[in-house]
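For reference, the structure is listed below as structure tokens.
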Amino acid sequence: MSRRSSDGVTVRTPVPGDETPLHDLITDHFAGDTDYTVDLGLDDPTTHVRVAERDGSPVGSMALSVHDDRTTLREELYLVDAVEPVAAVDRYGLLEMGYVRRDHTGEGIGARLLERLHAVGRREGVDAYVVDAWFHGGPDSPERLFDDHGYAVVHRHSIAGHADGVCSKCGPDCVCEAALVVRYDRDAGDR
Numbered sequence: 013m014s015r016r017s018s019d020g021v022t023v024r025t026p027v028p029g030d031e032t033p034l035h036d037l038i039t040d041h042f043a044g045d046t047d048y049t050v051d052l053g054l055d056d057p058t059t060h061v062r063v064a065e066r067d068g069s070p071v072g073s074m075a076l077s078v079h080d081d082r083t084t085l086r087e088e089l090y091l092v093d094a095v096e097p098v099a100a101v102d103r104y105g106l107l108e109m110g111y112v113r114r115d116h117t118g119e120g121i122g123a124r125l126l127e128r129l130h131a132v133g134r135r136e137g138v139d140a141y142v143v144d145a146w147f148h149g150g151p152d153s154p155e156r157l158f159d160d161h162g163y164a165v166v167h168r169h170s171i172a173g174h175a176d177g178v179c180s181k182c183g184p185d186c187v188c189e190a191a192l193v194v195r196y197d198r199d200a201g202d203r
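Note that my numbering has the sequence shown beginning at 13, numbered continuously upward.
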């Protein structure tokens with residue numbers, strides 16, 4: 013797959029007025045016509061949201077929430093309900109809300125957002141980055157992004173058949189999986 017450039021993309025913190033465009037960007041990836049409630053975490057001091065913008069419009073988003081213990085980390089997971097495959101560390105960074113507008117996938121925007129949040133995590137003392145990810149058969153599945161950035165899959169299970177009708181990402185032959193992926197900070201010692 014050829015990759016288009018993320019030139020002209022600025023990664024920034026959210027600004028007033030981002031709520032609706034970010035909500036729309038995220039829910040565009042969900043199946044069906046259901047009205048979803050999305051907590052953007054904009055008022056949470058432990059959540060660091062970043063927005064990728066091109067020509068004045070959000071084209072991607074990702075957030076890092078910082079957790080000091082496994083209990084609060086577990087409470088924030090959506091697709092996987094166990095943190096046991098993740099090594100015990102002092103501070104966890106949960107990556108969430110990672111979405112890129114469909115017409116901008118393959119441009120490196122997700123990578124830019126991820127790299128920016130890794131920098132935030134280093135400042136916040138994060139020892140392990142954790143992602144409760146949805147891997148699917150679509151071209152925008154995040155599996156390659158995390159693999160390219162040193163993440164390891166520590167748990168995965170099938171969620172094929174999660175949608176009523178045809179899967180919005182895979183089509184009629186759904187291969188969706190819930191995955192728990194982890195990257196340990198190099199300074200956090202051996203794992």
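Backbone N, C-alpha and C define an ideal beta-carbon position, used for all residues, glycine too.
- Rounded to the nearest whole angstrom, the CA to CA distance from glycine 122 to aspartate 102 is 27 angstroms.
- Remark: C-beta atoms of arginine 195 and histidine 161 approach each other more closely than 8 angstroms.
- Beta-carbon to beta-carbon, phenylalanine 158 and alanine 140 are separated by about 13 angstroms, too far to satisfy the 8 angstroms threshold.
- The DSSP-derived three-state label of aspartate 80 is coil.
- Where aspartate 144 is concerned, the enclosing beta strand (DSSP E) starts and stops at 140–147.
- Excluding five sequence positions before and after tyrosine 90, the CB atoms of its chain that fall closer than 7 angstroms to its own CB belong to Asp144, given in chain order.
- Secondary structure at threonine 39: helix, using DSSP grouped into helix, strand and coil.
- Contact between glutamate 189 and histidine 169 holds, with the beta-carbon distance rounding to 7 angstroms and staying under 8 angstroms.
- Proximity to phenylalanine 147 across Gly133, Thr25, Val98 and Cys179 peaks at Cys179, based on C-alpha coordinates.
- Counted as a single uninterrupted DSSP element, the beta strand (DSSP E) harbouring glutamate 108 occupies residues 104–112.
- The count of Cβ pairs closer than 8 angstroms, one atom from the stretch 72–85 and one from the stretch 100–115, reaches three, so the stretches are in contact.
- The residues Val71, in chain order, have a CB closer than 6 angstroms to that of histidine 116 in the same chain once the five nearest residues on each side in sequence are set aside.
- Of the other Cβ atoms in all chains shown, 16 or more fall within 10 Å of the Cβ of aspartate 30; this residue is therefore buried.
- About 6 angstroms separates the Cβ atoms of leucine 76 and valine 132, confirming a contact at the 8 angstroms cut-off.
- DSSP places histidine 60 inside the beta strand (DSSP E), whose first and last residues are 59–66.
- Annotated as proximal: cysteine 182 and glycine 150, with beta-carbon spacing under 8 angstroms.
- In this structure, the alpha-carbon of histidine 130 lies about 13 angstroms from that of glycine 110.
- Proline 70 is bridged by DSSP to Glu65.
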